[in-house]
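Everything on this sheet refers to the single structure shown next.
Number of protein chains: 2
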Amino acid sequence: MQVSDCKACAGTWPPADHRIADCGLTVAHLFEDQFFPGWTVLVLKRHARELFDLTRDERSQVIEEVTAVARALAEVFQPVKINYGLLGNQLPHIHWHVVPRLAGDPVPLDAVWGVKHEAVRLEGDELEEKLAMIRARLKSEGN
Amino acid sequence: MQVSDCKACAGTWPPADHRIADCGLTVAHLFEDQFFPGWTVLVLKRHARELFDLTRDERSQVIEEVTAVARALAEVFQPVKINYGLLGNQLPHIHWHVVPRLAGDPVPLDAVWGVKHEAVRLEGDELEEKLAMIRARLKSEGN
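Heads up: the protein sequence lines correspond to chains W and X, in order. Taking our numbering, the leading residue of the first sequence gets 1203, the next gets one more, and so forth. Taking our numbering, the leading residue of the second sequence gets 1203, the next gets one more, and so forth.
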């Protein structure tokens, strides 16, 4: 994939209205399908495919950003477990999925990918409230 | 889960004969099902559930260990993409899946979890050769 074909580089994904915060090297957005509540993606600002395409300092910072978002999501959603995934099969531009797995999750033992479901789209006040709750927790951590 | 119930802490998983190397804070094993060739897991030596249960220094080191293994797997298997996953739904003890996705992968756009298939078990010389190839690449990186 050329950078010019990359929807993360073009800024067309994730949807701008789902933006949570600029985390430093990454930007966090609520994932556009909230069937699993709180599913967040951190997208690297620069184009890179693999962990070994980053410098050591970048890796250290990115994992801190992933951790800060995970901690904020844990405080907001009180999950049983959190899943962290850097896949890139469909979009080979580094983006981390951080997925709180809540009590009452329909498939608690499985990964979220490939689970058949109706997509849940948040809009308006419901979306804004969720974004604000996560931002407030991130801010209280000093991020 | 109590530490006493944790099969990673008990040393009963991953299978000892699939051990690749001691990476420092983690130990790398070839995953016991090699349907996706090269699928490797790095298991944290101490019991911890989430990234925010580690210190910052531990996180930095662990992501370096994951990266070193990913680089070795890239050299051995020449994948199209690598997937990195820290899930813990079934075993909430930090372990990273590092999965090279090769040309000819049956589901190149999908995550590996939940893909129906017959498990592929390696044994004897075939297993030893694969372990040796990965170890040699890890060693040449100075790990």
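Here a beta-carbon is modelled for each residue, glycine too, at the ideal position from N, C-alpha and C.
Within 10 angstroms of the Cβ of K1318 (chain W), are there 16 or more other Cβ atoms? Answer buried if so, exposed if not. Taking the first sequence and counting its residues from 1, one reaches residue 1318 (chain W) at position 116. When all chains shown are included, K1318 (chain W) counts as exposed.
Are the CB atoms of V1268 (chain X) and N1285 (chain X) nearer to each other than 9 Å? Taking the first residue of the second sequence as 1, we reach residue 1268 (chain X) at position 66. Taking the first residue of the second sequence as 1, we reach residue 1285 (chain X) at position 83. Between V1268 (chain X) and N1285 (chain X), the C-beta spacing is not below 9 Å.
Backbone secondary structure at F1224 (chain W) - three-state DSSP: Here residue 1224 (chain W) refers to the residue found at position 22 of the first sequence. Before going on, a small fix: residue 1224 (chain W) reads as Asp here, not Phe. DSSP places D1224 (chain W) in strand when its eight states are reduced to three.
Mind checking who L1232 (chain X) pairs with in its DSSP beta bridge? Position 30 of the second sequence, counted from the first residue, corresponds to residue 1232 (chain X). Note: L1232 (chain X) sits in a beta bridge opposite X:T1242.
Segment contact flag, the region 1325 to 1345 of chain W with the region 1326 to 1345 of chain X, C-beta cutoff 8 Å, min 3 pairs: In the pairwise beta carbon analysis, the region 1325 to 1345 of chain W is classified as not touching the region 1326 to 1345 of chain X: fewer than three pairs are separated by under 8 Å.
Residues from the region 1252 to 1275 of chain W in contact with chain X, defined by Cβ distance under 7 Å: Only those residues of the region 1252 to 1275 of chain W whose C-beta falls short of 7 Å from the nearest C-beta of chain X are listed: E1252, L1253, F1254, R1258, R1261, S1262, I1265, E1266, V1268, T1269, A1272, R1273.
Could you confirm whether any beta carbon from chain W is found closer than 9 Å to the beta carbon of F1303 (chain X)? In the second sequence, counting from the first residue as 1, residue 1303 (chain X) sits at position 101. Going by the sequence as given, residue 1303 (chain X) is Arg instead of Phe. Yes, R1303 (chain X) lies at the interface with chain W (some Cβ there is under 9 Å from its Cβ).
Any idea if R1307 (chain W) is buried or exposed, counting beta-carbon neighbours within 10 angstroms, 16 or more meaning buried? Stepping through the first sequence from its first residue, residue 1307 (chain W) is reached at position 105. First, the residue type needs correcting, since residue 1307 (chain W) is Asp and not Arg in the sequence shown. It is buried - the Cβ of D1307 (chain W) has at least 16 other Cβ atoms within 10 Å.
Alpha carbon to alpha carbon, what distance is there between T1242 (chain X) and R1251 (chain X)? Here residue 1251 (chain X) refers to the residue found at position 49 when the second sequence is read from its first residue. Here residue 1242 (chain X) refers to the residue found at position 40 when the second sequence is read from its first residue. Pairing R1251 (chain X) with T1242 (chain X), the inter-Cα distance amounts to about 19 Å.
Count the other CB atoms, across all protein chains shown, that sit within 10 Å of the CB of A1305 (chain W); report buried if there are 16 or more and exposed otherwise. To locate residue 1305 (chain W), count along the first sequence from 1; it is residue 103. Answer is exposed; the Cβ neighbour count stays below 16.
Determine the DSSP secondary structure at L1288 (chain W), reduced to helix, strand or coil. If you number the first sequence from 1, residue 1288 (chain W) lands on position 86. L1288 (chain W) falls in the strand class under three-state DSSP.
To the nearest angstrom, how far is the alpha carbon of V1205 (chain W) from that of C1211 (chain W)? Counting from one through the first sequence, the residue named residue 1205 (chain W) turns up at place 3. Counting from one through the first sequence, the residue named residue 1211 (chain W) turns up at place 9. Between V1205 (chain W) and C1211 (chain W), the C-alpha separation is close to 7 Å.
Would P1294 (chain W) pass as an interface residue toward chain X - the criterion being a Cβ-Cβ separation below 9 Å? Reading the first sequence from its first residue, position 92 is the one you call residue 1294 (chain W). It does; some Cβ of chain X falls within 9 Å.
Where the beta strand (DSSP E) through V1300 (chain X) begins and ends: Taking the first residue of the second sequence as position 1, residue 1300 (chain X) is located at position 98. Boundaries of the beta strand (DSSP E) harbouring V1300 (chain X): 1297 to 1303, taken from the DSSP string.
What does DSSP give as the partner residue(s) for K1283 (chain X) in the beta ladder? Along the second sequence, one-based indexing puts residue 1283 (chain X) at 81. DSSP, once it has assigned bridges, lists X:R1303 as partnering K1283 (chain X).
Residue-level contact to chain X via CB, A1313 (chain W), 9 Å cutoff: Stepping through the first sequence from its first residue, residue 1313 (chain W) is reached at position 111. So, interface residue.
Neighbour-count burial assignment, A1223 (chain W), 16 or more Cβ in a 10 Å radius: Reading the first sequence from its first residue, position 21 is the one you call residue 1223 (chain W). Flag for A1223 (chain W) reads buried.
If the criterion is Cβ atoms closer than 9 Å, does the pair H1299 (chain W) and G1287 (chain W) meet it? In the first sequence, residue 1299 (chain W) corresponds to position 97, counting from 1. In the first sequence, residue 1287 (chain W) corresponds to position 85, counting from 1. Here H1299 (chain W) is near G1287 (chain W), since their CB atoms are less than 9 Å apart.
If N1228 (chain W) and L1244 (chain W) are in contact, beta carbons under 8 Å, what's the gap, nearest whole angstrom? As a first step, residue 1228 (chain W) must be located in the first sequence, where it is residue number 26. As a first step, residue 1244 (chain W) must be located in the first sequence, where it is residue number 42. One point to set straight first is that residue 1228 (chain W) is Thr, not Asn, in the sequence displayed. Between the beta-carbon of T1228 (chain W) and that of L1244 (chain W) there is about 4 Å, and that keeps the pair under the 8 Å contact cut.
Could you tell me the boundaries of the alpha helix (DSSP H) in which L1324 (chain W) lies? Position 122 of the first sequence holds residue 1324 (chain W). Counting along the chain, L1324 (chain W) sits inside no alpha helix (DSSP H), nor does DSSP assign it H or E at all.
D1219 (chain W) versus P1217 (chain X) - alpha carbon distance: Mapped onto the first sequence, residue 1219 (chain W) falls at position 17. Mapped onto the second sequence, residue 1217 (chain X) falls at position 15. Each residue's alpha carbon lies about 46 Å from the other.
Checking 9 Å against the spacing of the C-beta atoms, do R1273 (chain X) and F1238 (chain W) come in under that value? Position 71 of the second sequence, counted from the start, is the residue given in the question as residue 1273 (chain X). Position 36 of the first sequence, counted from the start, is the residue given in the question as residue 1238 (chain W). No, the Cβ-Cβ distance between R1273 (chain X) and F1238 (chain W) is not below 9 Å.
C-beta neighbour in chain W for V1243 (chain X), strict 9 Å: Here the question's residue 1243 (chain X) lines up with position 41 in the second sequence. Not closer than 9 Å to any Cβ of chain W, the Cβ of V1243 (chain X) fails to qualify, so no.
List the whole-angstrom C-beta distance separating G1326 (chain W) from K1283 (chain X), where the pair is believed to meet the contact cut-off of C-beta under 8 Å. Numbered from its first residue, the first sequence carries residue 1326 (chain W) at position 124. Numbered from its first residue, the second sequence carries residue 1283 (chain X) at position 81. Under the criterion of beta carbons closer than 8 Å, G1326 (chain W) and K1283 (chain X) do not qualify as touching, at roughly 36 Å.
Inter-residue Cα distance where the pair is L1246 (chain W) and K1209 (chain X): The sequence position of residue 1246 (chain W) within the first sequence is 44, counting from 1. The sequence position of residue 1209 (chain X) within the second sequence is 7, counting from 1. Each residue's CA atom was taken as its position, placing L1246 (chain W) and K1209 (chain X) some 35 Å apart.
Burial state of L1281 (chain X), where buried means 16 or more other Cβ atoms lie within 10 Å: One-based indexing of the second sequence puts residue 1281 (chain X) at position 79. Position check: residue 1281 (chain X) holds Pro in this sequence, whereas Leu was assumed. Looking at its Cβ environment, which holds 16 or more other Cβ atoms inside 10 Å, P1281 (chain X) is buried.
Considering Cα atoms alone, identify which of W:G1213, W:Q1236, W:L1232 is closest to E1320 (chain W). Counting from one through the first sequence, the residue named residue 1320 (chain W) turns up at place 118. Measuring from the Cα of E1320 (chain W), the nearest candidate turns out to be W:Q1236.
Would you kindly check if the distance between the Cβ of I1265 (chain X) and the Cβ of V1264 (chain W) is under 9 Å? Reading the first sequence from its first residue, position 62 is the one you call residue 1264 (chain W). Reading the second sequence from its first residue, position 63 is the one you call residue 1265 (chain X). Going by C-beta atoms, V1264 (chain W) is nearer than 9 Å to I1265 (chain X).
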